[in-house]
Amino acid sequence: MTLRPVATLAVIVVAAGSGTRLNGGAPKAFVGLDERSILHHALRGVFAAPPAQVVIVVPDSLRGDALTDARDAAGDRAELITVVAGGATRQESVAAGLSALWADVETVLVHDAARALTPPAVFDRVIGALEAGAAAVIPAVPVVDTIKRVDGGGRVVAAVDRSELAAAQTPQGFRRDVLEAALGAADADHT
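So the sequence shown is numbered by numbering that gives the first Met the number 0: it starts at 0 and just counts up by one.
Right, dumping it as structure tokens:
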């Protein structure tokens, strides 16, 4: 057995969402995509990134299913997996993931399992920005859809200039202390 250095990087995979908007009959991370769960596909991307502790946050009743998916996706990195029960909101689930991190973890990526096809290069860019000194990194892509501003009745009142917009993506990266402070200071739930 080869001893590896303790990872100072962790990826919290948030997979506790109910999938209401997806209407898939199951929590969205456990809906099938090409004969595998969405969670499995997301974890393949996570395990293609540099070695990290991987904390998977799921509904309590699906912890066993998540562990099976994770072990299958992890290959020889199975010892890096922790599965914990999520909260009622994304914010509570991220907090649950943070509480499961190893003491040596300094850098945290938060990744939505629903973003199952995120290219490994996105993980690399986020990690690179953190290594270069950023305290927090949120990858974004230009908005390509036509966006309209509407009034309270749903009537279109104006076009929105897409050049001023970007869609936030995951993984979002943080120095651990920055993420812990942000969650500690939050006085309301945010998603």
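Quick reminder that beta carbons are idealized off the backbone N, C-alpha and C, glycines included.
Inter-segment contact for the segment 73 to 88 and the segment 140 to 157 is absent: fewer than three beta-carbon pairs are separated by less than 8 Å.
For residue 90, there is no enclosing beta strand (DSSP E); the residue is part of the alpha helix (DSSP H) that begins and ends at 89 to 98. Burial of residue 85 is indicated by the presence of at least 16 other C-beta atoms within 10 angstroms of its C-beta.
With fewer than 16 other beta carbons inside 10 angstroms of its own, residue 139 counts as exposed. Spanning the alpha carbons of residue 159 and residue 80 requires a straight line of approximately 43 Å. By the criterion of at least three beta-carbon pairs nearer than 8 Å, the segment 94 to 109 is not in contact with the segment 29 to 40. Under the 10 Å beta carbon count, residue 97 is surrounded by 16 or more other beta carbons and is classified as buried. Comparing alpha-carbon positions, the option among 115, 170 and 7 lying closest to residue 50 turns out to be 7. Rounded to whole angstroms, the Cβ separation of residue 11 and residue 54 is 5 Å, and the two are in contact under 8 Å. Taking 8 Å as the upper bound for CB-CB distance, residue 174 and residue 129 are in contact here, some 7 Å apart. In this structure, residue 167 sits away from residue 119, with a CB-CB distance that is not shorter than 8 Å.
Residue 135 is a Cβ neighbour of residue 177, given a cutoff of 8 Å. Residue 113 is not a Cβ neighbour of residue 142, given a cutoff of 8 Å.
The alpha carbon of residue 95 has as its nearest neighbour, out of 106, 15, 64 and 116, the alpha carbon of 15. Check the Cα spacing between residue 179 and each of 106, 132 and 87: the tightest is with 106. The C-alpha of residue 59 lies about 21 Å from the C-alpha of residue 9. Bounds of the beta strand (DSSP E) holding residue 158 are 155 to 158. DSSP places residue 150 in the coil class of the three-state scheme, outside both helix and strand. Here residue 145 is exposed: its Cβ has fewer than 16 other Cβ atoms, across all protein chains shown, within 10 Å.
Around residue 66, the same chain offers 82 as residues with beta carbons nearer than 6 Å, after the five sequence neighbours per side are excluded.
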